[in-house]
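Novice: Sequence lines, in order, name chains R and F.
Position 152 of the first sequence, counting from 1, maps to 152 under this note's numbering, and the rest follow consecutively.
Position 93 of the second sequence, counting from 1, maps to 93 under this note's numbering, and the rest follow consecutively.
Cβ coordinates follow ideal geometry from the N, Cα and C atoms, glycine included.
2 protein chains.
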Amino acid sequence: MSKVNTQMIDEERAKFLRYLTKAGRRVSHGREIVFDQVMRAHGHFTAEELARGCLEKKLKVSRPTVYRVLYDLLEAGVIRETAFGDKHRHFEHVYDEKPHHHAQCIRCHRFIEFPDRKEDEVYHPYLEKQGFKILGHEMHFYGVCRKCQDKEGL
Amino acid sequence: MSKVNTQMIDEERAKFLRYLTKAGRRVSHGREIVFDQVMRAHGHFTAEELARGCLEKKLKVSRPTVYRVLYDLLEAGVIRETAFGDKHRHFEHVYDEKPHHHAQCIRCHRFIEFPDRKEDEVYHPYLEKQGFKILGHEMHFYGVCRKCQDKEGL
DNA sequence: TTCCTAAATGATACACTATCTCATATGTCA
DNA sequence: TGACATATGAGATAGTGTATCATTTAGGAA
Ligand SMILES: [Zn+2]
Ligand SMILES: [Zn+2]
Ligand SMILES: [Zn+2]
Ligand SMILES: [Zn+2]
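1. Against chain F, does residue 71/R count as a neighbour if the rule is that its beta carbon must be under 7 Å from one of theirs?
2. Kindly give me the distance between the Cβ atoms of residue 33/R and residue 59/R, rounded to whole angstroms, as I take these residues to be in contact under 8 Å.
3. Would you please state the rounded distance, in angstroms, between the beta carbons of residue 132/R and residue 112/F? I believe it to be under 8 Å.
4. Can you tell me the Cβ-Cβ gap for residue 35/R and residue 74/R, rounded? I've got them flagged as a contact below 8 Å.
5. DSSP three-state label for residue 148/R, please.
6. Taking the alpha-carbon positions, what's the residue 21/R to residue 30/R distance?
7. Answer yes or no: does any C-beta atom of chain F fall closer than 7 Å to that of residue 134/R?
8. Tell me whether residue 99/F sits in a helix, a strand or coil according to DSSP, three-state version.
9. So the alpha helix (DSSP H) residue 56/F belongs to, where does it begin and stop?
10. The alpha helix (DSSP H) that contains residue 113/R, what's its start and end?
11. Assuming residue 137/R and residue 141/F make a contact with CB atoms under 8 Å, what is their CB distance in whole Å?
12. Can you give me, in chain order, the residues of the region 118-133 of chain R that have a beta carbon less than 8 Å from any beta carbon in chain F?
13. Check residue 37/R in the structure and name its three-state DSSP category.
14. Roughly how many angstroms separate the alpha carbons of residue 77/R and residue 148/R, rounded to a whole number?
15. Closest Cβ-Cβ distance between residue 52/F and chain R: below 7 Å?
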């Protein structure tokens, strides 16, 4: 773990605590466990993956609580939800991830990731004119990956 | 129903038949029913909504078949999947809806829609080089809408 | 510290979406 | 028409996420 990473995690933790305090909510056992697991997660993860991980590690937290805390973290701005359009809810932390986009195979659901390009900014003027404060964006391609094409002889 | 609409549906049907023929698949009863229902749908719809509709109308098609045909239509390019990040799979037909993207407010979850721009194609070469067969894409912006900014004094 | 109260939690059941299996039906082509 | 591959339906099943509610716990007051 690099120093930068640790420092960023502390900042995220502070952000989370600030949010909880401001909202009159408690710094509970479950929230600390889930926050910790989220920070250890690499790349994107689904609620279910995180919940399963907690259960497998025998952490003292239940599945409903994992889901509840994920929504807390979402509101606190610690994680964001990526809109993949499949039946799972995907999240990733906000710190330490370079902006990137996703292409997902509709057959096997695997992802290809690719860095974002500034051409995306072509949409900014329109949104700003509407008074929309842009926090981020994601491009999502869907299609069929090479493997699945080979498999199905398309 | 306008004449243009009817004509476009015929074109979509032709596209679907072309796809089926080319892929060595059959023009079956179920595929015709589901195609018809999809063309009657307005705006975005989920697989389950369409399936439920078919069952309620007592059409001679089962739920698994509705799902199967939706994937056919997706690959044929008759419908596209929109990535809303909730737990349902959303679709919309390609004809008569201009390709558009969404900006969603993280506070109130409302959408702003805006037309897509060909600058998005900057990502095509990279994906094609990987053998990824692109069926569609969506840009998803997230941020805070004007109303919510006013409300929260951001 | 101890007590009090509201918030948080866990166990469990549940709702819902989507998919799998496999026996049967159906369309294509010879 | 007969043969064969594809498509389908019924039902079971997997998987994700939520509701309920009795119990526990955090955090402030005394
Ligand atoms: Zn990612
Ligand atoms: Zn694939
Ligand atoms: Zn808003
Ligand atoms: Zn739309």
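Specialist: To lay it out plainly:
1. Taking the first sequence and counting its residues from 1, one reaches residue 71/R at position 71. No, residue 71/R does not count as interfacial toward chain F.
2. Taking the first residue of the first sequence as position 1, residue 33/R is located at position 33. Taking the first residue of the first sequence as position 1, residue 59/R is located at position 59. Going by Cβ atoms, the distance from residue 33/R to residue 59/R rounds to 5 Å, so yes, they are a contact pair.
3. Reading the first sequence from its first residue, position 132 is the one you call residue 132/R. Reading the second sequence from its first residue, position 112 is the one you call residue 112/F. Yes, residue 132/R and residue 112/F are in contact; Cβ-Cβ is about 6 Å, under 8 Å.
4. The sequence position of residue 35/R within the first sequence is 35, counting from 1. The sequence position of residue 74/R within the first sequence is 74, counting from 1. 12 Å between Cβ atoms; not a contact.
5. Reading the first sequence from its first residue, position 148 is the one you call residue 148/R. In this structure, residue 148/R counts as helix in the three-state DSSP scheme.
6. Residue 21/R sits at position 21 when you count from the first residue of the first sequence. Residue 30/R sits at position 30 when you count from the first residue of the first sequence. The alpha-carbon atoms of residue 21/R and residue 30/R are separated by roughly 16 Å.
7. Position 134 of the first sequence, counting from 1, holds the residue named residue 134/R. So yes, residue 134/R belongs to the interface.
8. As a first step, residue 99/F must be located in the second sequence, where it is residue number 99. Correct three-state label for residue 99/F: coil.
9. Against the second sequence, residue 56/F aligns to sequence position 56. Where residue 56/F is concerned, the enclosing alpha helix (DSSP H) stretches over 47-56.
10. Counting from 1 along the first sequence, the entry for residue 113/R is found at position 113. Run containing residue 113/R: none in the alpha helix (DSSP H); it sits in the beta strand (DSSP E), 111-115.
11. As a first step, residue 137/R must be located in the first sequence, where it is residue number 137. As a first step, residue 141/F must be located in the second sequence, where it is residue number 141. Yes, residue 137/R and residue 141/F are in contact; Cβ-Cβ is about 4 Å, under 8 Å.
12. Cβ contacts with chain F: 119, 120, 122, 123, 126, 127, 130, 131, 132 and 133.
13. For the purposes of this step, residue 37/R is identified with residue 37 of the first sequence, where counting begins at 1. In the structure shown, residue 37/R sits in a helix (DSSP, three-state: H, G or I).
14. To locate residue 77/R, count along the first sequence from 1; it is residue 77. To locate residue 148/R, count along the first sequence from 1; it is residue 148. Residue 77/R and residue 148/R: Cα-Cα distance of roughly 36 Å.
15. For this step, residue 52/F is matched to residue 52 along the second sequence. No, residue 52/F does not count as interfacial toward chain R.
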